[in-house]
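Okay, so here's the structure we're looking at.
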Amino acid sequence: MGVVIVRASVRAPSRAPYASHPIAPAHRMHGPAMVAPSRLTPSTTLHLQRLAGNAAVTRALAGSAGRTVPPGQQDEPVATFPPQPVGAPAALAEAAGTVQRTIGDGHDLTNRRFAGDAVLEAAFDNERFVRVGSTGPAVSKLQQAMVDIGLDLPKFGVDAKFGPETKSRVQAFQRSAGIVDDGIVGPITMGEFNRRIPGGGPPPPPPPPPPPPLLTTTTVAAAPDGGPSSRRRVGSGEFVDLAASAPVTWTVTAGTLTIASGPATRWTAPETGSVTVTATPASGPPATLALTVVPPDGISMTRDVVNPIPAGQAGADMLTDVDFGHRDVSFARVQWLEDPGPPSGVNGYFRSGKGSAMDLNHHPNPAFVTLRADNHFKHDHCGSGFPLAPPFFRLFPPPPFFGGGWTWFIPNRFRVLGSGTAGTFFFRSAQVFAVDSVGTTTVSKQGASITRTRAGAVT
């Protein structure tokens, strides 16, 4: 191709041009700088578009290539290298490749209204135009953006069709941005949409959810082993003070609460079980904690006091210290009761001798008693051959004796202090009585024992 002179008539914008270059009435390429239009680089074309607008450059390039732009189409520029109008066959044929070179190329739209739209990204990269005749979601996005900033489309609205009404609004937007108002969305106009339309930039990350409230527990009673008050393993009926770092609504799967709402409450443990405490704030996730409630489940005894019996009389009598175990929890709010009942395995002297006339039934304390803070109870009375308050007499008849004895198998119940229930069975203890032919008596119960001769010697 020979020397080509490209002339582009330029219309001054209503505001200062977007670029700082002075605008000359015509640009001439001559001498060593004269090049064929097909060899114009994208950056050169973009520079011309900044100076003269999409329409002027299009007409100049079309004319220099030997093509004539019909007079009726001069307001609707013909697509040239590199852009193509949306919907053109060549553009559709290369759609997949366009997406690849348009998005993720380091020159991408950041406004969340437009980012990732292949057509608008291509316009931003100077690979195609969006103009009269264009249709589709990309047009809808531009139309909605203009409506949102007050450039209404009263006749057709957001209809995904780029017609004269949309063009006039694009021109108004271009004038407000200080760029050439040719009504065509190319790289410069798309850049202004990206920059000026509210909602620019990547969407802000959602605020992190508030953390659940911090929960603490404080047991009111100390455990016998000296463990921390923050322990989550508690005895039946224990008081536990619950606190949260914020006002919450409290719920528990078992036990009772003094109040249901607020930063703190007191929980009373049930008799037994695993309990979940849930603290739900006004907003944000709830906090939960688990507590394990341990009931008494066994009894052991040690001899603590020996009660005197007159010399020459058979029998043995002691007071025991009762230990309910579980040193890591408190049973300070647990009550204990033994059930009465008949003897078992009555034999020898107490079955067919003078002892058979004795009242051998078990007559325990008829009332619940409360355990001490160390999970003990003092004292349980274990004896035989001693007078009790009438009508219970276990005073051995006078000799001669011969060997014999019996056993009590005693049901034990517990309840939480103040519950008023009949209690829950938890253990069966054994108390054994035996006497030999000379009147030496032995009493044993759950590890505690006493042996006494008729003369009064005790072991």
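The numbering of the sequence shown is UniProt numbering, which starts it at 1 and goes up by one.
Every residue, glycine too, gets a C-beta built ideally from N, C-alpha and C.
Check, Outcome
"What residue from 304, 303 and 375 has the CA that sits closest to residue 328's CA?", "375"
"Quick one, which of 241, 297 and 317 has its alpha-carbon nearest residue 291's?", "241"
"Which term fits residue 360, buried or exposed, when burial requires 16 or more other beta carbons within 10 angstroms of its beta carbon?", "buried"
"Which of helix, strand or coil does DSSP assign to residue 150?", "coil"
"Work out the CA separation of residue 178 and residue 135 for me, nearest whole Å.", "26 Å"
"Comparing C-alpha positions only, which one of 446, 237 and 218 sits nearest to residue 301?", "446"
"Could you spell out where the beta strand (DSSP E) holding residue 338 opens and where it closes?", "334–338"
"Short check: CB of residue 231 to CB of residue 223, under 8 Å?", "yes"
"Give the straight-line distance between the Cα atoms of residue 268 and residue 440, rounded to the nearest whole angstrom.", "50 Å"
"Taking 7 Å as the limit between beta carbons, can you name the residues of its chain near residue 390, skipping five residues before and five after?", "Caution is warranted here: a pLDDT of 44 is assigned to residue 390, below 50, making its placement in the model unreliable, and no coordinate value can be reported."
"Specify, as a first and last residue, the run of the beta strand (DSSP E) that residue 347 falls within.", "344–348"
"What beta strand (DSSP E) runs, 3 residues minimum, are completely inside the region 249–309?", "261–268, 273–281, 287–294 and 300–306"
"Between 128, 346, 253 and 248, which lies nearest to residue 260 when the distance is taken from Cα to Cα?", "248"
"Secondary structure at residue 138, three-state DSSP: helix, strand or coil?", "helix"
"Take the Cβ of residue 149 as the centre, count every other Cβ of all protein chains shown within 10 Å, and call the residue buried at 16 or more, exposed below.", "exposed"
"Figure out for me which residue from 407, 217 and 295 has the closest Cα to the Cα of residue 332.", "295"
"Can you tell which of 339, 221, 213 and 220 has the C-alpha that lies nearest to the C-alpha of residue 283?", "213"
"Would you call the region 188–197 and the region 107–114 touching, i.e. three or more CB-CB distances under 8 Å?", "yes"
"Since residue 250 and residue 277 are thought to touch, with beta carbons under 8 Å apart, how far apart are those beta carbons, to the nearest angstrom?", "7 Å"
"What first and last residue would you give for the alpha helix (DSSP H) that runs through residue 189?", "187–196"
"Return the first residue and the last residue of the alpha helix (DSSP H) that residue 166 is part of.", "164–177"
"Roughly how far, in whole angstroms, is the beta-carbon of residue 406 from the beta-carbon of residue 345, given that I think they are within contact range, below 8 Å?", "6 Å"
"With residue 118 and residue 130 assumed to form a contact (beta carbons below 8 Å), what rounded beta-carbon distance in angstroms separates them?", "About 12 Å separates the two Cβ atoms, so there is no contact after all."
"Look at the Cβ atom of residue 235, then the Cβ atom of residue 334, and state whether they are nearer than 8 Å.", "yes"
"DSSP has residue 434 in a bridge; who is on the other side?", "405 and 442"
"Cutting at 7 Å between CB atoms, please list the residues of its own chain near residue 350, excluding the five before and the five after it.", "356, 358, 360, 404, 405 and 406"
"Terminal residues of the continuous alpha helix (DSSP H) containing residue 360?", "Premise fails: residue 360 is in no alpha helix (DSSP H) and is neither H nor E."
"Return the bridge partner residues of residue 215 from the DSSP annotation.", "244"
"Give the secondary structure of residue 316 by DSSP, where H, G and I count as helix, E and B as strand, and everything else as coil.", "strand"
"Might you give, ordered along the chain, the residues of its own chain that have their beta carbon closer than 7 Å to the beta carbon of residue 288, omitting 5 neighbours on each side?", "276, 277 and 278"
"May I ask you to report which of helix, strand or coil DSSP gives residue 233?", "strand"
"Which residue comes first and which comes last in the beta strand (DSSP E) that contains residue 448?", "448–452"
"Which first and last residues belong to the alpha helix (DSSP H) in which residue 156 is found?", "Per DSSP, residue 156 belongs to no alpha helix (DSSP H) and is neither H nor E."
"In this structure, how does DSSP classify residue 351 when only helix, strand and coil are distinguished?", "helix"
"Under a three-way DSSP split, which group does residue 114 fall into?", "coil"
"In three-state DSSP terms, what is residue 470?", "Outside the shown range of the chain, which is 1 to 459, sits residue 470, and nothing can be said about it."
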